[in-house]
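To convert, note that position 225 of the sequence shown is 224 in numbering that gives the first Met the number 0; the numbers rise steadily by one, no gaps.
Glycine is no exception: its CB is placed at the ideal position from the N, C-alpha and C atoms.
Since the structure is predicted, the reported quantities are computational estimates derived from the model, not experimental observations.
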Amino acid sequence: MSIRVGINGFGRIGRHVLRIGLGREDLEFVGINDITDTETLAHLFKYDSVFGRYPGEVECNGEGITVDGKFIRVFSERNPANIPWAETGAQVIAEASGIFRTREAAAAHMGETVKKVIITAPASGKVDFTTVMGINDDDYEPEGHDVISNASCTTNCFGLLVKVLHENFSIRRGEMTTIHSYTNDQRILDTPHKDKRRARAAALSIIPTSTGAANAIQLVFPELKGKLSAVAVRVPTPNVSLVDFTCEVEKGTSADDVNSKFKEAAEGTLSGYLAYVEDEIVSSDLVGDTHSCSFDSMLTSVVEDNLVKVVAWYDNEYGYTSRVVDLIELVGETL
Numbered sequence: 000m001s002i003r004v005g006i007n008g009f010g011r012i013g014r015h016v017l018r019i020g021l022g023r024e025d026l027e028f029v030g031i032n033d034i035t036d037t038e039t040l041a042h043l044f045k046y047d048s049v050f051g052r053y054p055g056e057v058e059c060n061g062e063g064i065t066v067d068g069k070f071i072r073v074f075s076e077r078n079p080a081n082i083p084w085a086e087t088g089a090q091v092i093a094e095a096s097g098i099f100r101t102r103e104a105a106a107a108h109m110g111e112t113v114k115k116v117i118i119t120a121p122a123s124g125k126v127d128f129t130t131v132m133g134i135n136d137d138d139y140e141p142e143g144h145d146v147i148s149n150a151s152c153t154t155n156c157f158g159l160l161v162k163v164l165h166e167n168f169s170i171r172r173g174e175m176t177t178i179h180s181y182t183n184d185q186r187i188l189d190t191p192h193k194d195k196r197r198a199r200a201a202a203l204s205i206i207p208t209s210t211g212a213a214n215a216i217q218l219v220f221p222e223l224k225g226k227l228s229a230v231a232v233r234v235p236t237p238n239v240s241l242v243d244f245t246c247e248v249e250k251g252t253s254a255d256d257v258n259s260k261f262k263e264a265a266e267g268t269l270s271g272y273l274a275y276v277e278d279e280i281v282s283s284d285l286v287g288d289t290h291s292c293s294f295d296s297m298l299t300s301v302v303e304d305n306l307v308k309v310v311a312w313y314d315n316e317y318g319y320t321s322r323v324v325d326l327i328e329l330v331g332e333t334l
């Protein structure tokens, strides 16, 4: 039986949830809620400046959009509590608006048919569960974990680096920098923003800013609380980002040893989430890559046995959203 899915917020992540999810046989998309008109939603789904034209058929009418012959209702409600999900039979909602990130706000989706809500961003405050697929998804509890955060794209990449290094070499402390493509939270031209650096034109500068990835990692690895810090540097590219992580480890090692551990993980327990890269790639080579983390073995270095530097790539849109869809399947299996 199919898992019936609704999407709230049909922006970059919401549209990719549908693009990726349409390829999963166990998912049925029954509703979309967005305050934009249906014609524009259909157009933006069909034509994407980064990923290209959707390969199938996309049509719209006043009540919804039809993708490859499958009709999806479209609503336009500002308050999640007012969205008539019950009319569609939706069971799982992908909360992709970027607005309703508290447990209380996201839980407003829940009702007669909706049993689970997945926030496609770091939660604001405490929710029932924050997961990074490949790290703690086995801790998901069907009874009690109803509002779930999929953390951030950066956390999904960074978390896998931390997992492999910590389990094999025991991290003492570390510093992470994400070289991150610009996002819709930045400005095309200089315009006021609460973050004065993000107020500047995104395509014209390298822009240092904040990231919550280090704090989010502590939810997954509580023993590392206070031992990791992180900063983001936004750059003039539309997609694909990079994590540069330097840490001190307890167990002495070498670059070859570090690489072998990542290769082993990529071919084993983290297959599908972690990729091991041996080519000299650049960011554009990974547009559309579905992994959370593509470990760049060419850039590993170790200083005096205990100072380790690793670098990994991630498609901050498509890779991250692939994990959102995985999570929808995970929670849907137990409904």
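| Check | Outcome |
| --- | --- |
| Report buried or exposed for V239, applying the criterion of at least 16 other Cβ atoms within 10 angstroms of its Cβ. | buried |
| Spell out the partners DSSP gives R199 in its beta bridges. | None, per the DSSP bridge assignment. |
| Taking buried to mean at least 16 other C-beta atoms within 10 Å of its own C-beta, is M297 buried or exposed? | exposed |
| If you check the beta carbons only, do S291 and L285 fall under 8 Å apart? | no |
| Below 8 Å on the Cβ atoms is my guess for R8 versus S96; work out the distance and round it to an integer in Å. | Checking the sequence shown, residue 8 turns out to be Gly, not Arg. Indeed, because the Cβ distance is near 3 Å, the residues count as touching under 8 Å. |
| Assign N183 to one of three DSSP states: helix, strand, or coil. | coil |
| Out of Y53, L223, I327, D136, which one is the CA nearest neighbour of I173? | Note that residue 173 is Gly in the sequence shown here, rather than Ile. Comparing Cα positions, the closest option is L223. |
| Just grab the DSSP bridge partners of V175 for me. | The residue you asked about is not Val; residue 175 is Met in the sequence shown. In the DSSP output, where bridge partners are listed per residue, M175 has A229, F244. |
| Any idea what DSSP makes of I98, helix, strand or coil? | coil |
| Output the residue ranges of the beta strand (DSSP E) runs that lie fully inside the stretch 91-144 and measure 3 residues or longer, sorted by chain position. | 91-94, 115-118 |
| Going by CA-CA distance only, name the one from E38, V232, A105, V16 that's closest to V29. | V16 |
| Could you tell me the distance, in whole angstroms, from the CA atom of N167 to the CA atom of E266? | 16 Å |
| Please name the residue in S148, G22, V248, R72 whose C-alpha comes closest to that of V330. | S148 |
| If S123 and A212 are in contact, beta carbons under 8 Å, what's the gap, nearest whole angstrom? | Actually they are not in contact, since the Cβ atoms of S123 and A212 sit about 15 Å apart, beyond 8 Å. |
| Can you round the beta-carbon distance between N258 and T299 to whole angstroms, since I take them to be within the 8 Å contact cut? | 5 Å |
| Which residues in the same chain as A274 place their Cβ atom closer than 8 Å to its Cβ, once the five residues preceding and following it in sequence are excluded? | A265, D288, H290, C292, S293, F294 |
| Using the Cα positions of I118 and A105, report the straight-line distance between them to the nearest angstrom. | 7 Å |
| State the DSSP-derived secondary structure class of S296, mapped to helix, strand or coil. | helix |
| By the three-class DSSP mapping on this structure, what secondary structure does P237 have? | coil |
| Under three-state DSSP, which class holds Y46? | coil |
| Looking at C-alpha atoms only, which residue of A93, P79, S48, D25 is the closest neighbour of I12? | A93 |
| Do the CB positions of L326 and T245 come within less than 8 Å of each other? | no |
| Which parts of the stretch 275-329 are runs of the alpha helix (DSSP H), unbroken and 4 residues or longer, counting only runs that do not cross its ends? | none |
| Using the Cα positions of L164 and T268, report the straight-line distance between them to the nearest angstrom. | 14 Å |
| Looking at the secondary structure, which residues open and close the beta strand (DSSP E) in which K69 lies? | 69-74 |
| Going by DSSP in three states, L164 sits in which element: helix, strand or coil? | helix |
| Taking the C-alpha atoms as reference points, what is the distance between A201 and Y181? | 6 Å |
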